[in-house]
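Novice: Residue numbers (UniProt numbering): 1 to 174. From the three backbone atoms N, C-alpha and C, an ideal C-beta is built for every residue, glycine too. Below are the structure tokens for one structure; questions will follow.
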């Protein structure tokens, strides 16, 4: 149910090509992906794209790349992201290590954000910022280099093809 029929490698390759073919400068594409990944670290599931698109626009990033970058938060990564951000947030807020049990079922049953904010959302939001920034910087660098390399190789192939066509036209005209 969670594993694609043709495997994750094919799915990841599809997303990679999708990002490489987005219009704009390598910086715009990389900034968009980085903002999307940063947004994916926040605890506001369902709102990642709504956060990422305007922030990408402010930074001159690709809004399409930002939306694609938010797919970093998925059923495979969220079980890692959520406890990690909560633990880092608890540490940053200086909370005492506690074995106090948080009854998430009761908190979500009433959907009272004020009760959910202190024990769950605030530490997750605070913890998501440094982890998200580190991950965003990594994805910016990788995406920038990948897009620039992809476009340089494509330009080289097109230049070579044009050179061959031109030499074929001049050779056949003699």
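Going by C-alpha to C-alpha distance, which of 149, 117, 25, 85 sits closest to residue 38?
Specialist: 85
Novice: On the three-state DSSP scale, how would you describe residue 158?
Specialist: In the three-state reduction of the DSSP assignment, residue 158 falls in the helix class.
Novice: State buried or exposed for residue 80, treating a residue as buried only when at least 16 other CB atoms are found within 10 Å of its CB.
Specialist: Answer is exposed; the Cβ neighbour count stays below 16.
Novice: Taking Cβ positions, are residue 120 and residue 26 nearer each other than 9 angstroms?
Specialist: no
Novice: Between which two residues does the alpha helix (DSSP H) holding residue 9 run?
Specialist: 8–20
Novice: Less than 8 angstroms between C-beta atoms, sequence neighbours within five positions excluded: which residues of the same chain meet that for residue 140?
Specialist: The beta carbon of residue 140 is closer than 8 angstroms to those of 30, 31, 33, 34 in its chain, skipping five residues each way along the sequence.
Novice: Tell me the DSSP secondary structure of residue 165 in three-state form.
Specialist: helix
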